[in-house]
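Reading through the structure tokens given below for one structure.
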Amino acid sequence: MITHVGQYGLQPDFQNVFHIMQQTLFDAIVIGSGPAGAQCALWLKQLGHTPCLLDSAAQAGGLLRNNPYPVNGLLMPSHPISGEQLAHEMQACLMVNQVALRLNHRATRIRCHHSGFTVDLDTPDGATTLSAPYVVIATGVSPRHGGLSGNPHILIGPGEHIYRHTWHNLRVAVLGGGDNAFENLLFIQRQHADVVKLFARSLSARQQFQQQVAPAMCQIGPYTVDADRCQVNNEQFDRIVVMYGWEPNLTFIIEGDTLHRAADGTIVTDPLHCETNISGLFAIGEITGRMHPCYATAMADGVVAAKAIQYRLENKTNVG
Ligand SMILES: Cc1cc2nc3c(=O)[nH]c(=O)nc-3n(C[C@H](O)[C@H](O)[C@H](O)COP(=O)(O)OP(=O)(O)OC[C@H]3O[C@@H](n4cnc5c(N)ncnc54)[C@H](O)[C@@H]3O)c2cc1C
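Each number in our numbering corresponds to the 1-based position in the sequence shown with 4 added.
Here's what the structure looks like:
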């Protein structure tokens with residue numbers, strides 16, 4: 005972590021960073037250092053409070069870490085920047101601002117108490133617990149597997165493993181009818197695959213993508229997959245690419261779980277403050293099932309939750 009900051013030529017106050025890393029009492033614990041959680045922790049810090057930002061991964065940035073493509077929809081910078089680069093910048097920014105960032109820390113349980121919360125963590129040094137009056141869940145989503153297991157022939161979800169793969173002369177089946185399925189099909193086609201076919205029970209991808217794919221490449225309706233033989237509808241392929249959308253990362257336990265969840269498992273929040281039905285427990289970013297989850301909406305949620313927590317910490321009655 006500190007080595008990485010050095011790469012950017014920055015001069016962190018190491019004593020202070022060490023002190024922050026040792027601290028165990030925080031104003032807020034933010035679980036997940038993707039755009040939502042990182043933005044929330046940065047705002048809390050810059051508003052004069054002491055957040056602890058933790059992530060089960062070894063690097064900050066969330067899904068951006070697995071995005072080698074230029075990030076779409078960014079207003080700045082004016083030149084293309086990949087998700088990976090943005091994740092590095094994000095981590096450097098957190099370090100410069102001396103946000104307490106604990107990587108390789110996986111939240112396993114949240115307990116609600118009278119005066120706040122404790123969060124149980126698995127860390128490289130064993131199990132530990134942190135306490136704070138506020139907790140923010142920013143754990144994002146993972147690609148749906150649809151009952152299939154990833155292996156060298158079956159690739160699940162978009163990202164680096166698709167980007168770095170050699171597709172030349174391969175026969176490829178893409179499963180799914182959404183934006184990710186079409187976008188990755190078009191990418192694989194451009195990499196000179198021999199055959200690319202899309203199998204989808206129904207289509208939900210935007211017109212812009214659908215118009216670029218010849219109808220002959222798409223089979224819409226029920227289909228069967230034989231993962232062991234790498235076959236779809238009894239047709240032989242070299243690779244099967246699974247693009248079945250996303251599911252929420254909620255693998256930890258919330259004690260006495262009364263948390264309101266939507267039918268798809270995402271967390272329901274108050275749109276004004278990003279607070280859940282449990283007072284003091286906030287949820288932000290993709291875990292909340294935004295209408296269009298992306299980098300910008302995740303970060304916006306982070307700001308909203310940070311401001312709501314600031315108002316509470318400073319005993320202001322008018323939240324928001
Ligand atoms: C290939 C790809 C391309 C994309 N392209 C774009 C684009 O061009 N433009 C755009 O706007 N968006 C893009 N996105 C989407 C964007 O990356 C996401 O919308 C955004 O990262 C969501 O942010 P988040 O903070 O809600 O969640 P995430 O980024 O998913 O971060 C969640 C974090 O929580 C951590 N976590 C999970 N469970 C635990 C736990 N129990 N304990 C501790 N930590 C935990 C995870 O390790 C992760 O770091 C792309 C995504 C992918 C995969």
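Virtual Cβ for every residue (Gly too), placed ideally from N, Cα, C.
This one's a predicted model, so the numbers in the text were calculated from it and none came from an experiment.
The C-beta separation of Leu-29 from Ser-135 comes to about 6 angstroms, placing the pair in contact by the 8 angstroms criterion.
Measuring C-alpha to C-alpha distances from Met-80 to each of Ile-258, Gly-52 and Tyr-299 identifies Tyr-299 as the nearest. Between ligand 1 and Leu-67, a heavy atom-to-CB distance of less than 7 angstroms is present. Between Val-123 and Ile-35, the beta carbon gap of about 7 angstroms places them in contact (Cβ cut-off 8 angstroms).
Counting along the chain, Gly-41 sits inside no beta strand (DSSP E); it lies in the alpha helix (DSSP H) bounded by residues 39-50. Around the CB of Arg-69, 16 or more other CB atoms lie within 10 Å, so the residue is classed as buried. The C-beta of Gly-150 has fewer than 16 other C-beta atoms within 10 Å across all chains shown, which makes the residue exposed. A Cβ-Cβ distance of about 4 angstroms is found for the pair Gly-289 and Ala-302, placing them in contact under the 8 angstroms criterion. Exclusion of the five residues before and after Leu-159 leaves His-165, Ile-166, His-169, Arg-243, Ile-244, Val-245 and Val-246 as the residues of its chain whose Cβ lies within less than 8 angstroms of its Cβ.
In this structure, the CA atom of Pro-72 is about 43 angstroms from the CA atom of Asn-319.
Under the three-state reduction of DSSP, Leu-67 is assigned to helix. A distance of 8 angstroms or more separates the beta carbons of Leu-78 and Gly-38. Remark: the C-beta of Arg-148 is outside contact range of ligand 1, defined as less than 7 angstroms to any heavy atom. For Gly-225 and Gly-180, the gap between their C-alpha atoms comes out near 11 angstroms. The Cβ atoms of Gly-269 and Gly-41 lie no closer than 8 angstroms to each other.
Spanning the alpha carbons of Leu-202 and Leu-174 requires a straight line of approximately 14 angstroms. With respect to the C-alpha of Ile-257, the residue from Lys-49, Pro-275 and Leu-125 having the closest C-alpha is Leu-125.
Distance from the C-beta of Leu-58 to the nearest heavy atom of ligand 1 is below 7 angstroms.
For the set Ile-313, Val-272 and Arg-148, the Cα lying nearest the Cα of Met-295 is the one of Val-272. For Ala-300, the distance from the CB to the nearest heavy atom of ligand 1 is below 7 angstroms. Thr-54 and Arg-233 have their C-alpha atoms spaced approximately 53 angstroms apart.
Minimum Cα-Cα distance from His-196 among the listed residues Ser-208, Trp-171, Arg-210 and Phe-213 corresponds to Trp-171.
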